[in-house]
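Chemist: In order, the protein sequences belong to chains A and B.
For what it's worth, the working numbering labels the leading residue of the first sequence as -1, then goes sequentially.
For what it's worth, the working numbering labels the leading residue of the second sequence as -1, then goes sequentially.
For every residue, glycine included, the Cβ atom is placed at its ideal position computed from N, Cα and C.
Since the model is a prediction, treat every value here as computed from it, not as a measurement.
A single structure is presented below for examination.
2 protein chains.
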Amino acid sequence: MQGVKISELTLRRLPKYRQYLIKLRKEGVEYTSASEISRVLDVHHTQVRKDLQATGVRGIPKVGHRVEDLIKGIEEFLNWNNTSDAFLVGVGHIGRALLNYEGFGRVGIKIVAAFDINPEITGTTILETPVFDLSKLIDLGNRLHTRVGILTTSPSAAQDVAVKMVEAGIIAIWNFTPVKLELSENIIVENVNIYPSLAVLSHRVAEYLKK
Amino acid sequence: MQGVKISELTLRRLPKYRQYLIKLRKEGVEYTSASEISRVLDVHHTQVRKDLQATGVRGIPKVGHRVEDLIKGIEEFLNWNNTSDAFLVGVGHIGRALLNYEGFGRVGIKIVAAFDINPEITGTTILETPVFDLSKLIDLGNRLHTRVGILTTSPSAAQDVAVKMVEAGIIAIWNFTPVKLELSENIIVENVNIYPSLAVLSHRVAEYLKK
DNA sequence: TAGATTGTTAATCGATTAACAATC
DNA sequence: TAGATTGTTAATCGATTAACAATC
């Protein structure tokens, strides 16, 4: 893996393998093979091998991979075994959905504080996470050295809040708003958007209806 | 466009162009060019041209494209100008977030009914959308000829509900659960998942911290 | 041993980018 | 006219798939 650039497409496929492997583990299966993963998930077997190799795991010819090692290998590669503290800004419906999601611990994310401007929400707690007024963001960020920001505000507030996040010391923003953030080059921005997926769905439905 | 296969990557980029064009329209801009879109959105200008051509719109050399025509062209191509009635099953946090989203009308989706099994929720209305008991799904689907299903249940219920959706006459499922649905080949399934995006984010953060 | 698997190298395929002619 | 743009064809690049040697 040293020096070899990991393609984003490979990174995006890894969680899918992990999910299937976790299902196998739950069923008590100890070993599996790239060929089997390939069959079940409809991914070409050579691609499964290449993707897994990117994470640095090694299999045993004729035997396959230990499920446990494979899960660990993927999680270590994605750094999901280390917890990153995160701030969430914007306690609307999406923000609330994320705050109530209990699975983040297993993927290396811990939301340590949420922020909003609505006085009816600030001061409350959502599933152990305290909600502060937005004005506390910069101070708290600098004190806690939080590096990840989850942006779930309204589109109109997104850019301003993103700038504040950066001032608070955040280096990576998981952006759930449809806004293209304009920030310094070295800030990591990862956008989550439902429209690309809807475009594919709509187009396929339209084709289906045409026939 | 006839006979030319549209790549999924092109489909997924179209909403991005549309969003920028809508911003231009709001600002009163009448004309734009592939070159300008390219600059602003950081997409290669040839790629913008190819993507737009896939939708069938034609520009005017030296002038560019009428913003209004471009928006219309993209929306017609994606069939977002026609409304598809949709059912939503699973009124948890994500389901609620989607039910409260007011922008679906503009992208061809109308959620006409929601379903859940929790008696505290069934019988209520969320932003005009009535919530029924899940047992009503098949009957209502057959009466209303609803074709799109939005799946926002718990993972454990996902497969069963998906099967019920198909029995109710649904041909396309927008799947917000992490479950790989096993359905007949001709059912359109489009998965929305935050993990691929988180994998990219985590990996980049890990690389950043290493330096 | 034969079969099943890994892992690597080569070939193919498709998407992106470059080059350029056409034009209002 | 010169410049800016569209739209097309060719070249490049990168991702996927095929072929195959190595091995427990």
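What residue does the beta strand (DSSP E) around L86 of chain A start on, and which one ends it?
Modeler: Unbroken beta strand (DSSP E) run through L86 of chain A: S82 to V87.
Chemist: Taking Cβ-Cβ distances shorter than 7 angstroms, what residues in chain A pair up with A204 of chain B?
Modeler: Near A204 of chain B (Cβ distances below 7 angstroms), the residues of chain A are N77.
Chemist: Would you list the residues sitting across from L149 of chain A in a DSSP beta bridge?
Modeler: Answer is A:V87 and A:N173, bridged to L149 of chain A.
Chemist: According to DSSP, which residues form a beta bridge with H143 of chain B?
Modeler: Note: H143 of chain B sits in no beta bridge, so no partner.
Chemist: Which full runs of the alpha helix (DSSP H) of 4+ residues lie inside the stretch 3 to 67 of chain A, going along the chain?
Modeler: With a minimum length of 4 residues, the continuous alpha helix (DSSP H) runs that stay inside the stretch 3 to 67 of chain A are 6 to 24, 32 to 39 and 43 to 52.
Chemist: For N98 of chain B, count neighbouring Cβ atoms within 10 angstroms of its own Cβ and tell me buried if that reaches 16, exposed if not.
Modeler: N98 of chain B should be labelled exposed.
Chemist: Within its chain, find whatever has a CB closer than 6 angstroms to the CB of V105 of chain B; leave out the 5 residues flanking it on each side and keep chain order.
Modeler: These residues qualify, in order along the chain: W78.
Chemist: Given that E188 of chain B touches chain A, what residues does it touch there, using C-beta distances under 8 angstroms?
Modeler: By Cβ distance, chain A contributes S195, L196, V198, L199 and R202.
Chemist: Could you give the first and the last residue of the continuous beta strand (DSSP E) run that contains E188 of chain B?
Modeler: Start and end: I186 to N189.
Chemist: If we define contact as Cβ-Cβ less than 7 angstroms, is E6 of chain B a contact residue for chain A?
Modeler: Closer than 7 angstroms to some Cβ of chain A, the Cβ of E6 of chain B qualifies, so yes.
Chemist: From the beta carbon of E74 of chain A, is the nearest beta carbon of chain B less than 7 angstroms away?
Modeler: No, because no Cβ of chain B sits closer than 7 angstroms to the Cβ of E74 of chain A.
Chemist: Is the separation between the beta-carbon of E188 of chain B and that of W172 of chain B shorter than 7 angstroms?
Modeler: Yes, Cβ-Cβ distance for E188 of chain B and W172 of chain B is below 7 angstroms.
Chemist: Helix, strand or coil: which one does DSSP assign to P210 of chain A?
Modeler: This structure cannot speak to residue 210 of chain A, because chain A is shown only from -1 to 209.
Chemist: Kindly confirm or deny that the stretch 58 to 65 of chain B and the stretch 31 to 44 of chain B touch, where touching means at least three C-beta pairs closer than 8 angstroms.
Modeler: They touch, by the three-pair rule.
Chemist: Counting along the chain, where does the beta strand (DSSP E) carrying K209 of chain B start and finish?
Modeler: Where K209 of chain B is concerned, there is no enclosing beta strand (DSSP E), given that its DSSP letter is neither H nor E.
Chemist: Could you round the C-beta distance between A160 of chain B and L179 of chain B to whole angstroms and report it? I think they count as a contact, below 8 angstroms.
Modeler: At roughly 5 angstroms, the Cβ-Cβ gap stays under 8 angstroms, so A160 of chain B and L179 of chain B are in contact.
Chemist: With a threshold of 7 angstroms between beta carbons, is T12 of chain A in contact with chain B?
Modeler: First, the residue type needs correcting, since residue 12 of chain A is Leu and not Thr in the sequence shown. Yes, contact with chain B.
Chemist: Using three-state DSSP, classify I115 of chain A as helix, strand or coil.
Modeler: Coil at I115 of chain A, not helix or strand.
Chemist: Which value, in whole angstroms, describes the spacing of the CA atoms of I136 of chain B and A95 of chain B?
Modeler: Approximately 24 angstroms between the Cα atoms of the pair.
Chemist: Going along chain B, which residues have a C-beta under 8 angstroms from V129 of chain A?
Modeler: Within 8 angstroms Cβ-Cβ: nothing; V129 of chain A doesn't reach chain B, min ~16 angstroms.
Chemist: Hey, how far is the Cα of Y15 of chain B from the Cα of D67 of chain B?
Modeler: Spanning the two alpha carbons is a distance of roughly 13 angstroms.
Chemist: Taking 7 angstroms as the limit between beta carbons, can you name the residues of its chain near K162 of chain A, skipping five residues before and five after?
Modeler: Only L135 and I136 meet the Cβ criterion.
Chemist: Skipping 5 residues on each side, what residues in its chain have a beta carbon closer than 7 angstroms to that of M(-1) of chain A?
Modeler: Only weak support is given to the placement of M(-1) of chain A: the predicted model assigns it a pLDDT of 38, under 50, and the value that follows is read from those uncertain coordinates. The answer, listed in chain order, is A52 and G54.
Chemist: When the cut-off is 7 angstroms and only beta carbons count, does G106 of chain A lie next to chain B?
Modeler: Yes, G106 of chain A counts as interfacial toward chain B.
Chemist: Cβ of I192 of chain A within 7 angstroms of Cβ of V190 of chain B?
Modeler: Yes. Within cutoff.
Chemist: Report the option in A:L19, A:R23 and A:R56 whose CA atom is closest to the CA atom of V38 of chain A.
Modeler: Ranking the options by Cα distance to V38 of chain A, first place goes to A:L19.
Chemist: Using only CA atoms, which one of B:S195, B:T175, B:L12 and B:V41 lies nearest to V89 of chain B?
Modeler: When only C-alpha atoms are compared, the closest one is B:T175.
Chemist: Is the CB of A95 of chain B under 7 angstroms away from at least one CB in chain A?
Modeler: It does; some Cβ of chain A falls within 7 angstroms.
Chemist: Are the beta-carbon atoms of G147 of chain B and F102 of chain B separated by less than 7 angstroms?
Modeler: No, they are not a contact pair.
Chemist: Could you tell me whether the Cβ atoms of S82 of chain A and I107 of chain A are closer together than 7 angstroms?
Modeler: Their beta carbons are under 7 angstroms apart, which means S82 of chain A touches I107 of chain A by this criterion.
Chemist: So the candidates are A:D131, A:R23, A:L22 and A:Q45; which of them puts its Cα closest to the Cα of R11 of chain A?
Modeler: Nearest of A:D131, A:R23, A:L22 and A:Q45 to R11 of chain A, Cα basis: A:Q45.
Chemist: Which chain A residues sit within Cβ distance under 7 angstroms of I192 of chain B?
Modeler: The contacting residues are V190.
Chemist: Can you tell me which of the three DSSP states I192 of chain B falls into?
Modeler: Three-state DSSP puts I192 of chain B in coil, outside helix and strand.
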